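In terms of the numbering used here, the sequence shown opens at residue 2 and continues consecutively. These notes are about the structure you will find just below.
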Amino acid sequence: MRRPNQVHLCGWPGCRRPVPLEMWGCRAHWFTLPDAIRDDVLRGWRFGRGRLSPEWIAANDRALEWIKGIPERAKDSRTDTPVPGTGGSNADSDPSGG
Ligand SMILES: [Zn+2]
């Protein structure tokens with residue numbers, strides 16, 4: 002079980018988490034990106050044969066632009082706000098009153 006020693010920092014601005022070279026960033030941040038951006042990055046990876054290829058860099062630029070565009074409150078996950086639409090199949094109709 003050999004693990005590659007080479008890592009780089011997560012592609013998300015400000016995130017210092019080391020991730021394997023074949024990954025754009027840490028899981029949490031990677032899955033924060035929209036599908037279209039992720040698709041671009043993956044395509045750039047394959048098409049340009051790896052990280053830091055022109056194709057990959059172009060896709061990475063798109064990701065960074067997208068990140069800059071999201072509101073600050075969405076980037077800051079200190080507040081523990083409940084997210085609507087989480088997994089769960091409980092009927093939310095509770096007949097109460099009286
Ligand atoms: Zn990260």
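All C-beta atoms, glycine included, are put in the ideal place defined by N, C-alpha and C. Computed from a predicted structure; not experimentally measured.
Count the CB pairs spanning the stretch 48-56 and the stretch 64-71 that are closer than 8 Å, and state whether there are at least three. no
C-alpha gap between Asp36 and Gln7, whole angstroms: 26 Å
What three-state label does DSSP hand Pro21 in the structure shown? It is a strand residue.
With a threshold of 7 Å, establish whether the CB of Trp13 neighbours any heavy atom of ligand 1. yes
In chain order, each beta strand (DSSP E) run of at least 3 residues that lies wholly inside the stretch 17-74: 19-21
Anticipated Cβ contact below 8 Å, Val42 with Ala60, distance rounded: 4 Å
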